[in-house]
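When we follow the numbering used here, the leftmost residue of the sequence shown carries the number 62, and every step to the right adds one. Data first, discussion second: the structure below is written as structure tokens.
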Amino acid sequence: MGAQKVLYIGGTGEISYGCIEAGLELGQQIAVYNRGTSGVRLPEGVRRIKGDVNDAAAYAALARERWDAVCQFRCFDTDQARCDIEVFSGKTGQFVFISSATVYQRPPRDYAYRVTEDAPLGNPHSDYATKKLACERLYFEAHAAGKLPVTVVRPSHTNRVRFPGTFIGGDHIAWRLVQRKPIISHGDGTSLWAVTRCEDFGRAFARLLGNPKALGEAFHITSDESNPWDAIFRAMADELGVEANLVHVPSDTLVRYEPKWAGALHGDKTWSFVFDNSKVKAAVGGWSCRHNMRDAIAMAAPHVRRTLERFTPDAQADALMDRIVRDQQALGAASRQ
62 MGAQKVLYIG GTGEISYGCI EAGLELGQQI AVYNRGTSGV RLPEGVRRIK
112 GDVNDAAAYA ALARERWDAV CQFRCFDTDQ ARCDIEVFSG KTGQFVFISS
162 ATVYQRPPRD YAYRVTEDAP LGNPHSDYAT KKLACERLYF EAHAAGKLPV
212 TVVRPSHTNR VRFPGTFIGG DHIAWRLVQR KPIISHGDGT SLWAVTRCED
262 FGRAFARLLG NPKALGEAFH ITSDESNPWD AIFRAMADEL GVEANLVHVP
312 SDTLVRYEPK WAGALHGDKT WSFVFDNSKV KAAVGGWSCR HNMRDAIAMA
362 APHVRRTLER FTPDAQADAL MDRIVRDQQA LGAASRQ
């Protein structure tokens, strides 16, 4: 029997919103704990509990109720993980930690196969991934000790109202497209990437809740389809009614210009990643993505166009990208339409 009473920590983000919608379709009674400052309207029937994860008393009060499942979308360090273990041990039938597919080893050890959950872990290029993996290990230790029945979920690139980003955000990429500015495509633009719609992710995620096959296990949930980054950029441009002027720059070169881009590039998007979703499909039964990459871009496009009406780019980052484009073109890098 699936979970009936579910608590989301977070609940209004790119990933979690689709999970809530899918859970409601399954008849789950859903409560959301967050600050209520995002401006996102929750679906009808969802109970909002207003509070901050940093408010120790308010957070601990959540455990006064018994939950079939608690879904933690807002844990990014081990301090929060320890707090969760203390608060929810013995208070829930399942604790689901939203980790990240960035915890898989970068670069991948073996390109011959799709990535499974058994792939080597550890990504020293990304501080975000390192912290997520440390949290995973704490939660699994609590599971092994019989304190907290844990499931770990590792999303990759999941979208709802945004375009995919690279070393800059998707909104900035969209802004440069409509301004007819060149788009920097890392490497030669052919590394493969999966873009997953939140509704597809949510349909699998909701069926992991209250699912005994999920306890003590880690799952990634992604599209089976992977596309070159150049194709993703062109899909964005098509939805905005412009052409993509792509300039290819090696990731190593980009990181020399701006070292803080190393996490997003060397720790993630430089490498081709094609996922094997057999494990989650076996656990939930009958699931596959209904939307491809172009669908995902098209469904986000109306929201992106509205965002661009009030979007102001980071002037320093934008100027740096203009400089990189000029430097690369001076070296003979060709733009591609």
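C-beta: ideal position from N, C-alpha, C; glycine also. For clarity, every value in this text was computed on a predicted model and none was experimentally measured.
Which whole-angstrom value is the C-beta distance of residue i and residue j, which I expect to be below 8 Å?
| i | j | result |
| --- | --- | --- |
| Thr-219 | Thr-257 | 5 Å |
| Val-308 | Pro-243 | 5 Å |
| Leu-68 | Val-131 | 5 Å |
| Val-157 | Ala-124 | In fact, because the Cβ distance is near 16 Å, the residues do not count as touching under 8 Å. |
| Trp-290 | Ser-252 | 6 Å |
| Gly-420 | Asp-129 | As shown, the chain starts at 62 and ends at 398. That puts residue 420 outside it, with no answer to give. |
| Ala-142 | Cys-196 | 4 Å |
| Ala-205 | Val-365 | Between Val-365 and Ala-205 the Cβ distance is about 43 Å, and since that is not below 8 Å, they are no contact. |
| Val-239 | Leu-369 | 6 Å |
| Val-107 | Ile-91 | 5 Å |
Does the Cβ of residue i have 16 or more other Cβ atoms within 10 Å, making it buried, or fewer, making it exposed?
| i | result |
| --- | --- |
| Asn-95 | buried |
| Thr-98 | exposed |
| Ala-343 | exposed |
| Leu-392 | exposed |
| Arg-264 | buried |
| Gln-89 | buried |
| Ala-118 | exposed |
| Arg-241 | exposed |
| Arg-237 | buried |
| Asn-338 | buried |
| Pro-185 | exposed |
| Thr-373 | exposed |
| Glu-300 | buried |
| Asn-272 | buried |
| Arg-268 | buried |
| Phe-266 | buried |
| Ala-121 | exposed |
Under a CB-based cut-off of 8 Å, is residue i close to chain C?
| i | result |
| --- | --- |
| Ala-205 | Absence of chain C from the displayed structure is noted, only one protein chain being present. |
For residue i, which of helix, strand or coil comes out of DSSP?
| i | result |
| --- | --- |
| Ala-92 | strand |
| Pro-363 | helix |
| Cys-132 | strand |
| Val-310 | strand |
| Ser-246 | strand |
| His-204 | helix |
| Val-157 | strand |
| Trp-322 | helix |
| Arg-108 | strand |
| His-352 | coil |
| Glu-278 | strand |
| Phe-266 | helix |
| Arg-24 | No information on residue 24 is available, as it lies outside the stretch 62 to 398 that the chain covers here. |
| Val-256 | strand |
| Cys-68 | As written in the sequence, residue 68 is Leu, which differs from the Cys given in the question. Strand at Leu-68. |
| Val-114 | coil |
| Phe-336 | strand |
| Val-303 | coil |
| Leu-182 | strand |
| Pro-289 | strand |
Do residue j and residue i have their beta-carbon atoms positioned less than 8 Å apart in this structure?
| i | j | result |
| --- | --- | --- |
| His-247 | Thr-331 | yes |
| Leu-182 | Ile-146 | no |
| Pro-225 | Phe-262 | no |
| Val-101 | Thr-73 | yes |
| Gly-71 | Cys-259 | no |
| Ala-180 | Thr-163 | no |
| Ser-187 | Phe-134 | no |
| Asp-329 | Arg-167 | yes |
| Gly-231 | Arg-221 | no |
| Ser-160 | Lys-193 | yes |
| Val-341 | Phe-280 | yes |
| Thr-212 | Glu-126 | no |
| Ile-245 | Val-310 | yes |
| Ala-296 | Arg-355 | yes |
| Ala-325 | Thr-283 | no |
Is it the case that the CB of residue i approaches a heavy atom of the ligand HEM more closely than 7 Å?
| i | result |
| --- | --- |
| Ala-235 | The ligand content of the structure shown is nil, which means the ligand HEM is not present either. |
What are the complete alpha helix (DSSP H) segments, minimum 4 residues, inside the region 213-240?
231-239
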